[in-house]
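Per this note's numbering, the sequence shown starts with residue 329, numbered consecutively.
Glycine included, C-beta positions come from ideal geometry on N, C-alpha and C.
Reading through the structure tokens given below for one structure.
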Amino acid sequence: MMFRGAFMPNKICVFGDSVAKGVVFDHVKQKYSLLKNGFADQLANIFSLSVTNYAKFGCTVTKGLELVKKHLDKIPDYDYIVLEFGGNDCDFDWAEVSKAPTAPQRSKTPLHSFIGTYREMIRLIRENGGVPVLLSLPPIDAERYFHWITQGLDSDAILRFLGDEAHIYRWHEMYNMAVYRVANEENVPLIDITSDFLEMCHYQSCFCADGIHPNEKGHAAITKQIVQFVQASPEKALAHSPSAQSLACG
């Protein structure tokens with residue numbers, strides 16, 4: 329299991345989207361910016377690791393696979409390859425949804441393609457001497473995200489497409505569940521960064537105004553969850569159950 333035994337890694341790399349990159353929405357400047365101390369940076373300091381972050385804003389698992397192929401010759405140089413995908417894959421072209429809410433709409437990466445491409449990425453990494461580790465997805469704030477995506481669009485039309493605002497959360501969580509299944513079926517270590525957020529009374533305070541990007545507090549929460557996983561025995565890490573924990577109001 330990850331980081332256990334006598335061996336401590338010296339180098340890891342990260343492939344993923346803007347969450348892994350540490351992108352946040354700056355409320356004052358009203359634009360996206362890069363957090364100086366995202367969870368990957370924090371982990372580098374805590375464990376004295378060399379971390380190469382290949383994550384990109386807006387990256388889907390398909391684009392991620394292209395990036396892995398681009399850096400394939402470097403894969404054996406890293407002790408672990410950390411993967412975090414799904415948040416962009418489950419997203420829609422909301423402008424198109426607004427125009428035609430009753431027409432069939434496809435997410436950026438349909439679920440079956442998401443699963444198949446993630447499997448391909450994992451197998452490609454292994455075939456080239458890498459050890460993949462998956463991260464689950466942080467939850468989203470459905471109400472905030474709905475208001476974010478409907479800016480300048482027909483919100484009533486988008487709501488007709490969704491049925492209810494909470495559908496955004498459920499749709500996103502469906503992709504998160506797929507990440508767990510892929511990790512289990514491919515026998516890949518998975519670090520659960522979801523559950524601790526859900527245990528909080530007010531996890532929304534860990535997210536930016538867009539409802540989907542963790543803020544500085546959110547990145548600190550992700551770091552804490554990963555550190556706890558690393559420090560736990562493999563059995564304890566895999567047996568983590570939110571129902572067995574006390575309620576953590578945050």
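Helix, strand or coil at residue i [DSSP, three-state]
i, result
"residue 360", "strand"
"residue 535", "strand"
"residue 394", "helix"
"residue 354", "strand"
"residue 566", "Note that residue 566 has pLDDT 40, beneath the 50 cutoff, so the model's placement of it is unreliable and no number is given."
"residue 413", "coil"
"residue 425", "helix"
"residue 367", "helix"
"residue 403", "helix"
"residue 516", "coil"
Terminal residues of the beta strand (DSSP E) in which residue i lies
i, result
"residue 381", "378 to 381"
"residue 544", "Not the beta strand (DSSP E): residue 544 falls in the alpha helix (DSSP H), residues 544 to 559."
"residue 481", "Residue 481 -> no beta strand (DSSP E), and no H or E assigned at all."
Contact under 8 Å by Cβ, residue i with residue j
i, j, result
"residue 402", "residue 349", "no"
"residue 429", "residue 485", "yes"
"residue 521", "residue 496", "no"
"residue 546", "residue 535", "yes"
"residue 371", "residue 551", "yes"
"residue 351", "residue 368", "no"
Cβ neighbour criterion (16 or more within 10 Å) applied to residue i
i, result
"residue 358", "exposed"
"residue 412", "buried"
"residue 416", "buried"
"residue 363", "buried"
"residue 346", "buried"
"residue 366", "buried"
"residue 374", "exposed"
"residue 524", "buried"
Own chain residues within Cβ distance below 7 Å of residue i, not counting five before or after
i, result
"residue 400", "456"
"residue 504", "414, 464, 465, 522"
"residue 573", "Here the model assigns residue 573 a pLDDT of 38, short of 50, so the residue's position is not dependable, and the following value carries that caveat. Correct list, in chain order: 527."
"residue 355", "537"
"residue 405", "339"
"residue 483", "none"
Residue i, enclosing alpha helix (DSSP H) - first and last residue
i, result
"residue 349", "346 to 349"
"residue 459", "Looking at the DSSP string, residue 459 is not in any alpha helix (DSSP H), and its letter there is neither H nor E."
"residue 523", "523 to 527"
Sequence-distant residues of its chain with Cβ nearer than 6 Å to residue i (five each side left out)
i, result
"residue 420", "433, 435"
"residue 392", "343, 413"
Own chain, CB closer than 8 Å to residue i, minus 5 neighbours either side, in chain order
i, result
"residue 518", "461, 462, 463, 464, 507, 508, 511, 512"
The ligand ZN heavy atom lying under 7 Å from the CB of residue i
i, result
"residue 529", "Because no ligand of any kind appears in the structure shown, any question about the ligand ZN cannot be addressed here."
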